[in-house]
Amino acid sequence: MRGPLTVAASPVAEHRLQTRRLSSCGPWAQSLRGMRDPPRPGLEPIISPTALFLAAKVEEQARKLEHVIKVAHACLHPLEPLLDTKCDAYLQQTQELVLLETIMLQTLGFEITIEHPHTDVVKCTQLVRASKDLAQTSYFMATNRLLS
Numbered sequence: 221m222r223g224p225l226t227v228a229a230s231p232v233a234e235h236r237l238q239t240r241r242l243s244s245c246g247p248w249a250q251s252l253r254g255m256r257d258p259p260r261p262g263l264e265p266i267i268s269p270t271a272l273f274l275a276a277k278v279e280e281q282a283r284k285l286e287h288v289i290k291v292a293h294a295c296l297h298p299l300e301p302l303l304d305t306k307c308d309a310y311l312q313q314t315q316e317l318v319l320l321e322t323i324m325l326q327t328l329g330f331e332i333t334i335e336h337p338h339t340d341v342v343k344c345t346q347l348v349r350a351s352k353d354l355a356q357t358s359y360f361m362a363t364n365r366l367l368s
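The opening residue of the sequence shown carries number 221 in the working numbering; numbering runs sequentially from there.
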């Protein structure tokens, strides 16, 4: 079960990005300077979907870009119709998400590995021969802790 790890890795990647962005101009500013078509202002709404897209790749649970964009659009704009993959808004979001993914990777210095407590939880529960209920509860608590 790696889905919760992806969901937990996404805010970690986003937090690391925000920390690096605020602590220095560094790669974030450098990657935006000199671009032919810099991303539009107000990219904040797609930072989270980009972090989730990247985290899914890191946790070997890659999702199609189309799926990430459509779900993000549905969550951010619940009253609007679903995006058509041929419309300009979809194509623009695709380009921005891919660009932002590259910027995130550069800003994070490609340091995207995240240590999860789940591996240790599984090893410990196996070591003490814990019951299935205890193992599942421990795993759930580790997941819940990462998400809170």
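Ideal Cβ placement from N, Cα and C applies to all residues, glycine included.
Using a 10 Å radius around the Cβ and a threshold of 16 neighbouring Cβ atoms, would you call LEU302 buried or exposed? Looking at its Cβ environment, which holds fewer than 16 other Cβ atoms inside 10 Å, LEU302 is exposed.
Go through its chain and collect everything with a Cβ distance to VAL288's Cβ below 6 Å, but skip five positions before and after it. Around VAL288: PRO269 and PHE273.
What's the gap between the Cα of LYS343 and the Cα of ASP353? Cα to Cα, the separation comes out at about 15 Å.
Segment limits, alpha helix (DSSP H) that includes ILE289: In this chain, the alpha helix (DSSP H) harbouring ILE289 covers 285 to 296.
Would a C-beta distance cut-off of 9 Å place ALA292 and ILE332 closer than the cut-off? Using a Cβ distance threshold of 9 Å, ALA292 and ILE332 do not count as a contacting pair.
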